Amino acid sequence: MPKILIVEDDPSLRETMITFLRDCEGYEVDAAASTQEALTRLANETYPIVISDVYVDERTGLDILKAAKSGNPDCSVILMSGRGSMETVMEATRRGAFDYVAKPFELDQILEVVRRAEAAAIPSGDEDTEIDDMPETEMIGSSPSMIEVYKTISKAAPTDSTVLIQGETGTGKEMVARMIHNNSLRAQQPFVPVDCASIAASLLESELFGAMRGSYTGADRDRVGALEAANNGTVFLDEIGDIDHGFQLRLLRFLQEREVRPLGASRAKKVDVRVIAATNRDLAKMSEEKKFREDLYYRLAVVPITLPPLRDRRGDIPLLAHFFLRRASERYSLDARITGSGLRALQEHTWPGNVRQLQHLVERLAILAPQNRLDEEAVLDAIQSVSAKEAGAESLAETETEQIRKVLGATGGNKSRAAKILGIERKTLYRKLERMG
Ligand SMILES: Nc1ncnc2c1ncn2[C@@H]1O[C@H](COP(=O)(O)OP(=O)(O)OP(=O)(O)O)[C@@H](O)[C@H]1O
Ligand SMILES: [Mg+2]
Numbered sequence: 012m013p014k015i016l017i018v019e020d021d022p023s024l025r026e027t028m029i030t031f032l033r034d035c036e037g038y039e040v041d042a043a044a045s046t047q048e049a050l051t052r053l054a055n056e057t058y059p060i061v062i063s064d065v066y067v068d069e070r071t072g073l074d075i076l077k078a079a080k081s082g083n084p085d086c087s088v089i090l091m092s093g094r095g096s097m098e099t100v101m102e103a104t105r106r107g108a109f110d111y112v113a114k115p116f117e118l119d120q121i122l123e124v125v126r127r128a129e130a131a132a133i134p135s136g137d138e139d140t141e142i143d144d145m146p147e148t149e150m151i152g153s154s155p156s157m158i159e160v161y162k163t164i165s166k167a168a169p170t171d172s173t174v175l176i177q178g179e180t181g182t183g184k185e186m187v188a189r190m191i192h193n194n195s196l197r198a199q200q201p202f203v204p205v206d207c208a209s210i211a212a213s214l215l216e217s218e219l220f221g222a223m224r225g226s227y228t229g230a231d232r233d234r235v236g237a238l239e240a241a242n243n244g245t246v247f248l249d250e251i252g253d254i255d256h257g258f259q260l261r262l263l264r265f266l267q268e269r270e271v272r273p274l275g276a277s278r279a280k281k282v283d284v285r286v287i288a289a290t291n292r293d294l295a296k297m298s299e300e301k302k303f304r305e306d307l308y309y310r311l312a313v314v315p316i317t318l319p320p321l322r323d324r325r326g327d328i329p330l331l332a333h334f335f336l337r338r339a340s341e342r343y344s345l346d347a348r349i350t351g352s353g354l355r356a357l358q359e360h361t362w363p364g365n366v367r368q369l370q371h372l373v374e375r376l377a378i379l380a381p382q383n384r385l386d387e388e389a390v391l392d393a394i395q396s397v398s399a400k401e402a403g404a405e406s407l408a409e410t411e412t413e414q415i416r417k418v419l420g421a422t423g424g425n426k427s428r429a430a431k432i433l434g435i436e437r438k439t440l441y442r443k444l445e446r447m448g
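Number 78 in our numbering belongs to position 67 of the sequence shown; there are no gaps in the numbering.
Given below as structure tokens:
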């Protein structure tokens, strides 16, 4: 039977609890009538369970909690108070109290909490996992397919060669593009990303090549195109598989001549730009089907890099999960942990959204999982709510108000970050907040 320390200044309650827990239930019990006495006991002995009143004397149960935890981090501290408030409960939870019991309580009630604390102390076989030597890099992954990717990056980066990065959504294409630039001789020069899919076909031309004042309606001044802005540096043409046929020809000419002529300009200028392109489409197949110019495809794919989907490198999932967990813990000042069963559950999922989806799920769980502990149950719950959303249902049904509050609390009120973590659109979050008032 674990030894219990009771801290309570009210003599009659103290005696009742001692009698009940020791004489009726058979626990070994020590008791303290003041915080000073309690602190002395805690300094001399370790208790697996401490039950303390919140308002004792000039010090409080929170001081007892702190002392008990610093002596024995696994100590379960149960706080009791007749004057509990949102603030004290929050503070107790934040500092790792095991539970908070409102006075007056039935003795059976305190016994139930003690039993739970006892059960929690017994190793469940689902231990928190740790990774000692987290690599000093932002690009995580040591599976053979990723090592091949690193090799190609390291060979291609210092050259000026055009690179085509392919891979499903969320596999890290933009990250690779930035790594290539950062490891090239152009690292100190601009890196200019252009999302070809989000720019209307009619505007893509001026976006890339620039435009002179008056060259089209609304062009009230000269506009420098991305290719010129990236001079001496790198331009990243993202979602290149989405550009139309006419623009494919424009781009091909540029790759051959390396000159830009802004809309409405009479002359072309030479530019020195490295081109990196990316797409989640299969450009080889598209060019076979004549949907993408074959000549442009070959011009772009001088160095082709294909990023593997996450489901084909499941061995990297534990490292990625720990990496994102640590980052979320630091960013939101949490002590989030993942257990063996939690890691296995992550490894078994298929991850249609790849690394990005894993990152968001881990971040969300770090904040919302009970006790910030990612075990199998927490992971499966989260995966299920994501799948439900993919199937069309809006996620976050029952406890949504509470989830939104917690996440907004963690992000310091940053709504776009909160929406990402919650896996909903920002618009949806605004609507929900309005409804919550
Ligand atoms: N190997 C990795 N290690 C650490 N983080 C990664 C890795 N791969 C991707 N990420 C993270 O996942 C997220 C998505 O990556 P990125 O934007 O590069 O993907 P993408 O392939 O460009 O996706 P999309 O096709 O949707 O544009 C980013 O937050 C990135 O930091
Ligand atoms: Mg991208």
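Backbone N, C-alpha and C fix where the C-beta goes; we use that ideal spot for every residue, glycine too.
Only a predicted model underlies this, so the values are computations on that prediction, with no experimental measurement involved.
So does Thr99 have its beta carbon nearer than 7 Å to some heavy atom of ligand 1? no
8 Å Cβ cutoff met for Leu294 and Gln177: yes
Does the distance between the C-beta of Asn243 and the nearest non-hydrogen atom of ligand 1 fall short of 7 Å? no
Whole-angstrom C-beta distance between Ile89 and Val112, which should lie under 8 Å: 6 Å
Would you identify the three-state DSSP class for Phe247, choosing helix, strand or coil? strand
How should Lys166 be labelled, buried or exposed, when 16 other C-beta atoms within 10 angstroms of its C-beta is the threshold for buried? exposed
Per-residue DSSP class, three states only, for Pro315: strand
Tell me the DSSP secondary structure of Phe202 in three-state form. strand
Got a sec, what are the start and stop residues for the beta strand (DSSP E) Arg285 sits in? 285-290
From Met186 to Pro169, what distance separates their C-alpha atoms? 17 Å
Mind pulling the beta strand (DSSP E) runs of 3 or more residues that sit fully within the stretch 301-371? 314-317
Under 7 Å: does the beta carbon of Lys184 sit that close to some heavy atom of ligand 2? yes
In the stretch 382-442, which residue ranges form an unbroken alpha helix (DSSP H) of at least 4 residues, counting only runs that do not cross its ends? 387-401, 411-421, 426-433
Proximity to Leu450 [Cα-Cα], best of Leu266, Ile394, Leu336: For the chain, the structure presents residues 12 to 448; residue 450 sits outside this window and is missing.
Mark Met28 as exposed unless 16 or more other C-beta atoms lie within 10 angstroms of its C-beta, in which case mark it buried. buried
Same chain only: Cβ atoms within 7 Å of Arg234, ignoring 5 sequence neighbours per side: Ser217, Gly221, Ala222
In terms of alpha-carbon separation, which member of Leu238, Leu331, Ala108 lies closest to Arg285? Leu238
Between Lys77, Ile62, Leu336, which lies nearest to Gln120 when the distance is taken from Cα to Cα? Ile62
If you compare alpha carbons, which of Gly423, Thr180, Ile415, Ala421 is closest to Glu436? Ile415
Since Arg234 sits in a beta bridge, which residues does DSSP pair it with? Ala222
Completely contained alpha helix (DSSP H) runs for the stretch 106-161, where each covers 4 or more residues: 118-132
Among the residues of its own chain, which have a CB less than 7 Å from the CB of Ala198, if the five just before and after it don't count? His192
Proximity test, Gln370 beta-carbon vs ligand 1 heavy atom, cut-off 7 Å: yes
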